[in-house]
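Each remark here refers to the structure printed beneath this line.
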Amino acid sequence: MDPTTTSAPRLPYWVRGDTNAFFGFGVNVLVNVLTLTGLCIFVVNLPEGEVFGTILPALGIALVAGNVYYTHLARRLARREGRTDVTALPYGPSVPHMFIVIFVIMLPIFLSTGDPRRAWEAGLAWAFIIGVIVLIGAFVGPYIRRYTPRAALLGTLAGISVTFISMNPAGQMWRMAWIALPVLALLLIGLLTDVKLPFNFPIGLAALLLGTAIGWLGGAMSVPDVTAAARDIAVAFPTFQLDLLGRGLSDMAPLLATAIPLGVYNFTEAMTNVESAATAGDNYNLRSVLLADGAGAVVGAALGSPFPPAVYVGHPGWKAAGGRTGYSMATGVVIALLCFLGMFSLLGAIFPTAAIVPILLYIGLLIGAQAFQATPRAHAAAVVAALIPNIAAWATGQMNNALAAAGTTAAEVGNEALAGAGVVYDGLRILGEGAILAGLVLGAIVAFIIDKRFVHAAVFAASGAVLAFIGLIHGEEVRWNANGQVALGYLFVAVICGIFALGAHPPRVPAPEEAELDRLHSGATPPGTRDAPTTSVSAPGRPTGAAPADDDTREAAVSG
Numbered sequence: 195m196d197p198t199t200t201s202a203p204r205l206p207y208w209v210r211g212d213t214n215a216f217f218g219f220g221v222n223v224l225v226n227v228l229t230l231t232g233l234c235i236f237v238v239n240l241p242e243g244e245v246f247g248t249i250l251p252a253l254g255i256a257l258v259a260g261n262v263y264y265t266h267l268a269r270r271l272a273r274r275e276g277r278t279d280v281t282a283l284p285y286g287p288s289v290p291h292m293f294i295v296i297f298v299i300m301l302p303i304f305l306s307t308g309d310p311r312r313a314w315e316a317g318l319a320w321a322f323i324i325g326v327i328v329l330i331g332a333f334v335g336p337y338i339r340r341y342t343p344r345a346a347l348l349g350t351l352a353g354i355s356v357t358f359i360s361m362n363p364a365g366q367m368w369r370m371a372w373i374a375l376p377v378l379a380l381l382l383i384g385l386l387t388d389v390k391l392p393f394n395f396p397i398g399l400a401a402l403l404l405g406t407a408i409g410w411l412g413g414a415m416s417v418p419d420v421t422a423a424a425r426d427i428a429v430a431f432p433t434f435q436l437d438l439l440g441r442g443l444s445d446m447a448p449l450l451a452t453a454i455p456l457g458v459y460n461f462t463e464a465m466t467n468v469e470s471a472a473t474a475g476d477n478y479n480l481r482s483v484l485l486a487d488g489a490g491a492v493v494g495a496a497l498g499s500p501f502p503p504a505v506y507v508g509h510p511g512w513k514a515a516g517g518r519t520g521y522s523m524a525t526g527v528v529i530a531l532l533c534f535l536g537m538f539s540l541l542g543a544i545f546p547t548a549a550i551v552p553i554l555l556y557i558g559l560l561i562g563a564q565a566f567q568a569t570p571r572a573h574a575a576a577v578v579a580a581l582i583p584n585i586a587a588w589a590t591g592q593m594n595n596a597l598a599a600a601g602t603t604a605a606e607v608g609n610e611a612l613a614g615a616g617v618v619y620d621g622l623r624i625l626g627e628g629a630i631l632a633g634l635v636l637g638a639i640v641a642f643i644i645d646k647r648f649v650h651a652a653v654f655a656a657s658g659a660v661l662a663f664i665g666l667i668h669g670e671e672v673r674w675n676a677n678g679q680v681a682l683g684y685l686f687v688a689v690i691c692g693i694f695a696l697g698a699h700p701p702r703v704p705a706p707e708e709a710e711l712d713r714l715h716s717g718a719t720p721p722g723t724r725d726a727p728t729t730s731v732s733a734p735g736r737p738t739g740a741a742p743a744d745d746d747t748r749e750a751a752v753s754g
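For the sequence shown, our numbering assigns the number 195 to the initial residue and increments by one for each residue that follows.
Structure (structure tokens):
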């Protein structure tokens, strides 16, 4: 048994860094809940009473339960490894799914039937199916993580962070740069350097107060809006909505086309987030994380929320901000209370959006940098390969939104007309479908080719062919022969790699600095010299910079 478990240091529930992380992460979740509230009311026309009285309280239950659970996992990991620097995983409503369930599932049903309740029922069924798929993924994900290079895992996560987490907030920031840029500067100084504010005042709170003060003094906010929003405050607690869920599941077949690939997306994103946390020094059990995410989606749907919660991108950022185990639980409890009291409309009227969203850009910077810093320099091209599908997905979404605002679609405009204007719409759309899984496949292929492990590259290329053929990547929906020409391309890559595997090509010799990188991310550093786990297990034949071995094996080894 690890000797550190016999003399574990006292583990406080709250440290000063938790205050920074709480204000940063709490604001992050606050923005997302404000967004999904607006989507429900103004896009699907759900009555405010249903949104504030049922959907938000249901989401609140899922958030408080999930964040308390992840606080428990963090404290358990800290006790087992005899450390006080473990940071809990962040948890909240999944941002991509927020928009997908509204615009892909609920809005079409509302437009065709004129009944927002029917749309809500379909959203609940969709979220329930997502949860079931993630629960199944809990028994598959650890094996995928075990044999996928770290460059592919962190690269695809960086792709999500740079595009979906950073770009929209950046756009919102530059619309009101006079508010947002001072907030960003304060965050960067306080979170990326060792400079502290007088009296150790929390940098996250200081940044929010600064932006809010600038916004109010500059006339960006309105007292009448605050007064009107205060009228929405009312106490509400969730109850089971099994009748709504049952009616939605009675017609679940059309929902499977999007629910299956997005369920795969969910457990793949959780897997990359767990890898990101491991790279920052905190090795969590992936199966425990996936089971919690799946259960959160299922329970949330049963209570009336169509928004599946998930582990968030950003653990290294909150760790760098000084967050440990308390910030996660505090965020879950506070956001849940705000959900139960229906206070999101009021908060949106008090705090300028431009004062809130810079924290998301900070997270994007941290995750993007980590993808290159925590992988071998030779694998930089693999990181970029894993980024590309997510960039394509984001760009395609922007094109679709612009066309929709103009009252048309890409199909109506036509691929030839778009290509004539220099817009490679069709190719980007295909590349970006199933982006996170496609990024894993492409990143792994490139990393294994760089290492001259051609058999491994051929296996991932063949897997890409299968996934493309059934539509989990590069396909609009899950079906047989969803994209045969892309599948054939991956199959040719597998054949080429297989041919080269027949030759006498010794694997790439790691550069000297890669040994230090592997030492840092395998837990070989003596305790107390870095934020790192105390043990790790490596799978035989893994490429340099690959992820740690199956965390179930590691956890059993440590605790046994």
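We put the CB at the ideal spot given by N, CA and C, even for glycine.
Can you have a look at ASP645 and say buried or exposed, based on whether 16 or more other CB atoms are within 10 angstroms of its CB?
-> Taking the first residue of the sequence shown as 1, we reach residue 645 at position 451. So ASP645 ends up on the buried side.
By the 10 Å Cβ neighbour count, where 16 or more other Cβ atoms means buried, how is VAL289 classified, buried or exposed?
-> Indexing the sequence shown from 1 puts residue 289 at position 95. Buried, because 16 or more other Cβ atoms sit within 10 Å of the Cβ of VAL289.
Tell whether a beta-carbon distance below 8 Å holds between ALA548 and GLN435.
-> Along the sequence shown, read from residue 1 onward, the residue named residue 548 stands at position 354. Along the sequence shown, read from residue 1 onward, the residue named residue 435 stands at position 241. Cβ atoms of ALA548 and GLN435: not closer than 8 Å.
Using three-state DSSP, classify VAL209 as helix, strand or coil.
-> Taking the first residue of the sequence shown as position 1, residue 209 is located at position 15. In the structure shown, VAL209 sits in coil (DSSP, three-state: anything other than H, G, I, E or B).
Beta-carbon proximity check, ALA655 vs ILE639, cutoff 8 Å = For the purposes of this step, residue 655 is taken as the residue at position 461 of the sequence shown. For the purposes of this step, residue 639 is taken as the residue at position 445 of the sequence shown. Yes, Cβ-Cβ distance for ALA655 and ILE639 is below 8 Å.
Counting only runs that start and end within the segment 250-287, where is the alpha helix (DSSP H) found for 4 or more residues in a row?
-> 250-275
Any idea if TRP674 is buried or exposed, counting beta-carbon neighbours within 10 angstroms, 16 or more meaning buried?
-> By 1-based counting over the sequence shown, the position of residue 674 is 480. TRP674 is exposed by the Cβ-count criterion.
When burial is assigned at 16 or more other CB atoms within 10 Å of the CB, is GLU610 buried or exposed?
-> Taking the sequence shown and counting its residues from 1, one reaches residue 610 at position 416. With fewer than 16 other Cβ atoms within 10 Å, it is exposed.
Candidates LEU230, SER306, VAL237, of which the one nearest PRO287 by Cα | Mapped onto the sequence shown, residue 287 falls at position 93. Out of LEU230, SER306, VAL237, LEU230 has the C-alpha closest to the C-alpha of PRO287.
Of all the beta strand (DSSP E) runs that stay within the bounds of the segment 457-541, which reach a length of 3 or more residues?
-> 503-505
Whose C-alpha, out of SER470, VAL225, VAL258, VAL238, is nearest the C-alpha of SER522?
-> Reading the sequence shown from its first residue, position 328 is the one you call residue 522. If we check each option's Cα against that of SER522, VAL258 comes out closest.
Closer than 6 Å by C-beta to THR603: which residues in its own chain qualify, once you throw out the five before and the five after it? Chain order, please.
-> What you label residue 603 is simply residue 409 of the sequence shown in a count that begins at 1. Here the set comprises LEU597.
Give every residue of the same chain whose Cβ lies closer than 6 Å to the Cβ of ILE408, excluding the five residues on either side of it in the sequence, and list them in chain order.
-> Numbered from 1 along the sequence shown, position 214 holds the residue referred to as residue 408. If we look at ILE408 and ignore the five residues flanking it on each side, its Cβ neighbours are ILE373.
Below 8 Å between beta carbons: does that hold for LEU541 and PRO363?
-> Taking the sequence shown and counting its residues from 1, one reaches residue 541 at position 347. Taking the sequence shown and counting its residues from 1, one reaches residue 363 at position 169. Their beta carbons are not under 8 Å apart, which means LEU541 does not touch PRO363 by this criterion.
Sequence-distant residues of its chain with Cβ nearer than 7 Å to PHE431 (five each side left out) = Locating residue 431 in the sequence shown gives position 237, counting from the first residue. Answer for PHE431: PRO251, PHE534, listed in chain order.
Given that a residue counts as buried once 16 or more other Cβ atoms are within 10 Å of its Cβ, and exposed if not, what is GLU707?
-> To locate residue 707, count along the sequence shown from 1; it is residue 513. Classification for GLU707: exposed.
Since I believe THR281 is in contact with HIS509 (beta carbons under 8 Å), could you give me their beta-carbon distance rounded to a whole number of angstroms?
-> For this step, residue 509 is matched to residue 315 along the sequence shown. For this step, residue 281 is matched to residue 87 along the sequence shown. That pair is a contact at about 6 Å.
Backbone CA spacing between GLU670 and GLU627 [nearest angstrom] | Working through the sequence shown from its first residue, we reach residue 670 at position 476. Working through the sequence shown from its first residue, we reach residue 627 at position 433. When rounded, the distance between both Cα atoms is 7 Å.
Find the nearest neighbour of LEU399 within the set GLY218, TYR684, VAL687, judged by alpha-carbon distance.
-> By 1-based counting over the sequence shown, the position of residue 399 is 205. Comparing Cα positions, the closest option is GLY218.
Expressed to the nearest angstrom, what Euclidean distance is found between the alpha-carbon atoms of GLY211 and THR278?
-> Indexing the sequence shown from 1 puts residue 211 at position 17. Indexing the sequence shown from 1 puts residue 278 at position 84. One C-alpha to the other measures close to 12 Å.
Which residues in the same chain have their Cβ closer than 7 Å to the Cβ of LEU385, if we skip the five residues on either side of it in sequence?
-> Counted from its first residue, the sequence shown places residue 385 at position 191. For LEU385, where only same-chain residues beyond five positions count, the Cβ hits under 7 Å are ILE397, ALA514, ALA515, TYR556.
C-alpha distance - ASP725 paired with LEU351, whole-angstrom precision | As a first step, residue 725 is located in the sequence shown; it is residue number 531 there, counting from the start. As a first step, residue 351 is located in the sequence shown; it is residue number 157 there, counting from the start. Confidence is the limiting factor: at ASP725 the pLDDT is only 36, short of 50, which leaves the residue's position unreliable, though a coordinate-based value still follows. Each residue's alpha carbon lies about 21 Å from the other.
Taking the alpha carbon of TYR207 as the point to measure from, which residue in SER444, ILE299, ALA464, ALA272 has its own alpha carbon closest?
-> In the sequence shown, counting from the first residue as 1, residue 207 sits at position 13. When each option's Cα is compared against that of TYR207, the closest is ALA272.
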